[in-house]
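Protein chains: 2
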Amino acid sequence: MITIALDAMGGDHGVGVTVPAALEALKHQPGLKLILVGQREVIEAELGRHRAAGSDRITLHHASEVVGMDEPPAQVLRNKKDSSMRVAINLVKEGAAQAAVSAGNTGALMATARFVLKTLPGIDRPAIITTLPTMHDHVHVLDLGANVDCTPDQLLQFAIMGSILVTAVEGEARPRVGLLNVGEEDIKGNDTVKKTHELLRSSSLNYAGFVEGDEIYTGDMDVIVCDGFVGNIMLKTSEGLAHMIAHFIKQEFRRNLLTKLSALVALPVLQAFRKRVDPRRYNGATLIGLNGTVIKSHGGADVLAYEHAIMEAVAEVKNNVPARIGQALAAMAAKGEVV
Amino acid sequence: MITIALDAMGGDHGVGVTVPAALEALKHQPGLKLILVGQREVIEAELGRHRAAGSDRITLHHASEVVGMDEPPAQVLRNKKDSSMRVAINLVKEGAAQAAVSAGNTGALMATARFVLKTLPGIDRPAIITTLPTMHDHVHVLDLGANVDCTPDQLLQFAIMGSILVTAVEGEARPRVGLLNVGEEDIKGNDTVKKTHELLRSSSLNYAGFVEGDEIYTGDMDVIVCDGFVGNIMLKTSEGLAHMIAHFIKQEFRRNLLTKLSALVALPVLQAFRKRVDPRRYNGATLIGLNGTVIKSHGGADVLAYEHAIMEAVAEVKNNVPARIGQALAAMAAKGEVV
């Protein structure tokens, strides 16, 4: 049995998304229990709307406060000790749940998770990792915004964590790791990237060298490492570009009666294409490097997307990701590979 | 009359692209003269293939060497003094041409242009700027890879140069300038970005604040500033994602007979869409901040794309971009706005 705590109040849509997504996840995942954390009356009203009540598989845990989407992390940490976000993470700390999922404010979630759960031994700072679709399959990329400045040692830690996550969840024995850079030759890039390149080369990871931006989507890496500044801009740029392309396709098909008719004909194909790049299927980023599993859902996630974030939590709990990262780091430290 | 020197040997396709593109540009731009720089016999053979010969509007300037696409810039600078790239830029220096266009190796082109033409007074290092399509229109972004590490002063210089380019070429009196960051609040980002934010705020530019990655394509800025590491990764990530999306659309339409038939029906719409995001129409990045105009074409550019790079050179020469940047910098220095 796997138990996951949901920050039911988090995200742009709160219980309107988290509660129905929880009910869907329970339908699809027999061995799962969920704890809905948040304001009792709000959650109960939403459960009522779906004609669902608490059961042994879905329980309600009251938390009086809600973290705003724009609240500064330090303020949340200091003042919102009974927030649904904080209490969901406390449940992981106490062992009442094996993972927490939140669609709330990323900065506050990271600060809270780090404060409550602490980082694994050997990890300076947690990172944010997610899956992106590629031409051939998919790739894990980190850090996506938790750390705007990173040392080579931290980037090495990211590579180790990403590598172990892929091994644990996907059974890939030796994931190919790439380091994001502005060129593939050894002389390219800034000092941090060059030093990280050396660290990765002498590590026992399956390091494939520098990769350029286009190889995120067209290459064949399993893990791509970058600092959180670059990673965040890369991810958001991709979201913006995909949004623009979708908008242009729609505009062209809506131009006149003839194009509207051809849209009807092309609809099944367009839907198949859309499904393939549907970002909802990739929702659920992991705050990696903590003593426990915390999954961040996109703030604007809908029911399908949020259910995917819950499923990511299930997969990581099943495969014991934090413990395996801890073990691998200890083994590498014993060999002097990491500090 | 505008005279532009073309590095006829540069790029993946050399004269096979540069010569026919030159002939097309001359057809479309009456007041234009072009100097084809490179190996005489190679260029003459290609001109012959198009039944074109030298005229008063197209002349040939021999240069014995060719810069390889992967040759290290320092080596090119030292050893390839009679390369088509170097000689084309020399022609700008000597006043025989008002701009140079090259599809050659970016690093070598930047190093050569900087060595031969020197930077404008007040500019520490040149940057690479290009136009990208946006949901509403288009945007100029810099730096795209010339400078992997940038100081706040350099980023301010980039903002000034981008702003003046947009004013000069597009007649936009007060271009909106955004600074690429991982969030929009003042507290977000690394030290360099925060310091640049302050410099831009107290400058006389029309600074609109931080923008996130998605706003490159969906926002309404005229100029977006970032360091070359982030800019290069952003640009290449976009190329990779666009390539993947195009690949997926093609795959879905080719899946079976039915989808192939619907592709036929949707063809005009797909072509209209394709034309709209056609990267060839945006080919031609400017090495900005030099005493002279140098345009970098994509290495893999085809005839249409290369012609666009020539047209970008024409627009910048017509509008006197380097001189206007020099004047604006002098005026801002007099007011103590820049160092």
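Respectively, the protein sequence lines represent chains A and B. Heads up: the first sequence runs through residues 292 to 630, numbered per our numbering. Heads up: the second sequence runs through residues 292 to 630, numbered per our numbering. Every residue, glycine too, gets a C-beta built ideally from N, C-alpha and C. Just so it is clear, the structure is predicted and the values come from calculations on it, not from any experiment.
Taking all protein chains shown into account, Gly329(B) has 16 or more neighbouring C-beta atoms within 10 Å of its C-beta and is therefore buried. For Gly531(B), the C-beta contacts it makes with chain A under 7 Å involve Gly504, Asp505, Glu506, Ile507, Tyr508 and Thr509, in order along the chain. Chain B places a beta carbon closer than 9 Å to that of Asn523(A), counting this residue as a contact. Distances from the alpha-carbon of Ser588(B) to those of Ala600(B), Leu327(B) and Ser346(B) put Ala600(B) closest. As DSSP reads the structure, Val432(A) sits in a beta bridge with Thr421(A) and Ile515(A).
In this structure Gln562(B) is exposed. Its beta-carbon is surrounded by fewer than 16 other beta-carbon atoms within 10 angstroms.
Shown in chain order are the members of the stretch 460-490 of chain B whose Cβ falls below 9 Å from a Cβ of chain A: Leu471, Asn472, Val473, Gly474, Glu476, Ile478, Lys479, Gly480, Asn481, Asp482 and Val484. In the DSSP assignment, Thr309(A) falls within the unbroken alpha helix (DSSP H) covering Val306 to His319. When DSSP states are grouped into helix, strand and coil, His352(B) belongs to the strand group. DSSP, read as helix, strand or coil, puts Leu496(A) in coil. Contact of Phe564(A) with chain B by beta-carbon distance below 9 Å involves Ile536, Phe539, Ile540, Gln542, Glu543 and Phe544. Going by C-alpha positions, Leu411(A) is about 12 Å away from Ala404(A). Taking a beta-carbon distance threshold of 9 Å, Arg571(B) does not count as an interface residue toward chain A.
The distance from the Cβ of Met426(A) to that of His538(B) is about 6 Å, consistent with a contact at the 8 Å cut-off. Assigned with DSSP and collapsed to three states, Ser588(A) falls in coil, not helix or strand. The DSSP assignment places 576-579 and 584-587 as complete runs of the beta strand (DSSP E) inside the stretch 545-601 of chain B, in order along the chain (cut-off: 3 residues). A direct Cα-Cα distance of roughly 7 Å separates Lys384(A) from Gly583(A).
A distance below 9 Å separates the beta carbons of Leu323(A) and Val605(A). For Val521(A), the closest C-alpha among the options Leu555(B), Gly480(B) and Asn574(B) is that of Gly480(B). Ala394(A) and Leu382(A) do not touch by the CB rule: their CB atoms are close to 17 Å apart, not below 8 Å. Neighbours of Gly436(B) across chain A, judged by C-beta separation under 7 Å: Val473. Taking a contact as a CB-CB distance under 8 Å, the pair Ile295(B) and Ile420(B) does not count as one, their CB atoms being some 18 Å apart. Per DSSP, Arg331(A) lies in no beta strand (DSSP E); the unbroken alpha helix (DSSP H) holding it starts and ends at Arg331 to Arg340.
Sequence-distant Cβ neighbours of Asp303(A) in its own chain, meaning closer than 6 Å and more than five residues away, are Gly590 and Gly591. Contact check for Tyr498(B) against Leu423(B) fails: the beta carbons are separated by 9 Å or more. Counting C-beta pairs closer than 8 Å gives fewer than three between the stretch 468-479 of chain A and the stretch 562-571 of chain A, which falls short of the contact rule. Among the residues facing chain B, Val568(A) is included, as its CB has a counterpart in that chain under 9 Å away. At a beta-carbon threshold of 9 Å, the residues of chain B lying near Asp440(A) are Asn481 and Asp482, ordered along the chain. By the Cβ neighbour-count rule, Ser374(B) is buried, with 16 or more other Cβ atoms within 10 Å of its own. Contacts with chain B at 9 Å (Cβ-Cβ) do not include Thr403(A).
In this structure, the beta-carbon distance from Glu476(A) to Asp361(B) falls below 9 Å. The C-beta of Gly510(A) has 16 or more other C-beta atoms within 10 Å across all chains shown, which makes the residue buried.
Between the stretch 481-495 of chain B and the stretch 428-445 of chain B there are three or more inter-stretch CB-CB distances shorter than 8 Å, so the stretches are counted as touching. Inter-residue distance for Arg615(B) and Met292(B) is about 19 Å (C-alpha atoms, whole angstroms). Contacts between Thr421(B) and chain A, judged by CB atoms closer than 9 Å, are missing: the closest CB pair is about 14 Å apart.
For chain B, the residues of the stretch 358-381 of chain A that bring a beta carbon within less than 9 Å of one of its beta carbons are Asp361 and Pro363, in chain order.
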